Amino acid sequence: MTAVEICIDDVAGATIAEECGADRVEVCAALSEGGTTPSIGLVSTVLAEVSRIGVQVLIRPRAGDFVYSPAEVDVMLADIVAARALPASAQVGFVVGALTADGAIDAAVLSRLVQAAGPCPVTFHRAFDTLPDLPAALPTLISAGVSRVLTSGGAPTAAAGTAVLRSLVELAGDRITVLAGGSVRGSNVASLVAETGVPEVHLRAASPVVSSAAGSATGVDYAVPRLATSAEPIRAVLEALAS
């Protein structure tokens, strides 16, 4: 059965994902900026709320590129240590990524992040999709002890990257898991899995939520619609995979 991971940025999203039957959540902040490290309070509360699904924690100190200063690496390491210290009944993992200025995987930084994670599984995020040759980069992740790579095959969407995803799955074998992400939906997930052989898929299952807040006297509009995790896209993916 294909595993399904849901990208979330709130506690309610974790509850919805678990109730719908997803296998994991990736807990993030600032998803509008591609995701950054969530607060320790959010991670702690998600871990206290779920009972079955795995919980992945994004470790990304800022938006923008993936070339990090020594101080930013120290922040990433400290965030991993803090998250590992939280009580948890679910399996906890970490989602990381670091590149060099010339556009390669920063193997030295990645090794430190994997070491800090200890026995927790590590996923390399879609910084991977910025690399010029994805199959050639895969052995670097394997050598570093990375468990999983989140990728669209270097394309804007996973559906558009099927050829590369298929080659990655074949190259990976049982040494690393290929997690396909990028506009995965109920309408395309079955064909994506059939054409690529990916064992896992990842999606942001979000819908707009209209704010019920009152207007602000400051003139700043805090009542703009926001995105929140929705059950419908999750159920659509799970039903498509089951059929």
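Note that the sequence shown covers residues 24 to 266 in my numbering. Cβ atoms here follow ideal geometry from the backbone N, Cα and C, with glycine treated the same way. The structure displayed is predicted, hence computed values, not measured ones.
Beta-carbon of P158 versus every beta-carbon of chain B: anything under 8 Å? Annotation note: the requested chain B is absent from the structure, which comprises a single protein chain.
Reduced DSSP category for F151 - H, G, I as helix; E, B as strand; rest coil: Secondary structure at F151: helix, using DSSP grouped into helix, strand and coil.
Report the partner residues of R171 according to the DSSP bridge assignment. T146 and T200
Going by DSSP, what residue range makes up the beta strand (DSSP E) through C30? A26 to I31
Excluding the 5 residues flanking G141 on each side, which residues of the same chain have their C-beta closer than 8 Å to its C-beta? R107
Could you pull the start and end residues of the beta strand (DSSP E) that G36 belongs to? Where G36 is concerned, there is no enclosing beta strand (DSSP E), although the alpha helix (DSSP H) it sits in stretches over V34 to C43.
To which residues of the same chain is V96 closer than 6 Å at the C-beta, ignoring the five residues directly before and after it? V132.
Does the count of Cβ pairs from the segment 182-193 and the segment 218-235 closer than 8 Å reach three? yes
With P256 as the anchor, note down where its alpha helix (DSSP H) starts and where it stops. A254 to A265
Would you kindly report the start and end of the unbroken alpha helix (DSSP H) that includes G64? I63 to E72
Residues in the same chain with beta-carbon distance under 6 Å from V98, minus the five sequence neighbours each way, listed in chain order, please. Correct list, in chain order: P84.
R249 bridges to which residues according to DSSP? Note: R249 sits in a beta bridge opposite V232.
Which term fits S166, buried or exposed, when burial requires 16 or more other beta carbons within 10 angstroms of its beta carbon? exposed
Identify which residue in Q114, R135 and F89 has its Cα closest to the Cα of A101. R135
Going by CA-CA distance only, name the one from E193, V137, I128 and N211 that's closest to V90. I128
Does the segment 55-71 touch the segment 251-260, meaning 3 or more C-beta pairs lie closer than 8 Å? Cβ pair count under 8 Å is below three, so no.
Under the three-state DSSP convention, the category I128 falls into: strand
Would you identify the three-state DSSP class for G120, choosing helix, strand or coil? coil
How many angstroms separate the CA atom of A150 from the CA atom of I39? 27 Å
Considering just the uninterrupted stretch of the beta strand (DSSP E) at E223, what are its terminal residues? Per DSSP, the continuous beta strand (DSSP E) segment holding E223 begins and ends at E223 to L226.
Answer yes or no: do V78 and V115 have a C-beta to C-beta separation smaller than 8 Å? yes
Close-in-space but distant-in-sequence residues of the same chain around A124 (CB under 7 Å, 5 per side omitted): If we look at A124 and ignore the five residues flanking it on each side, its Cβ neighbours are V90.
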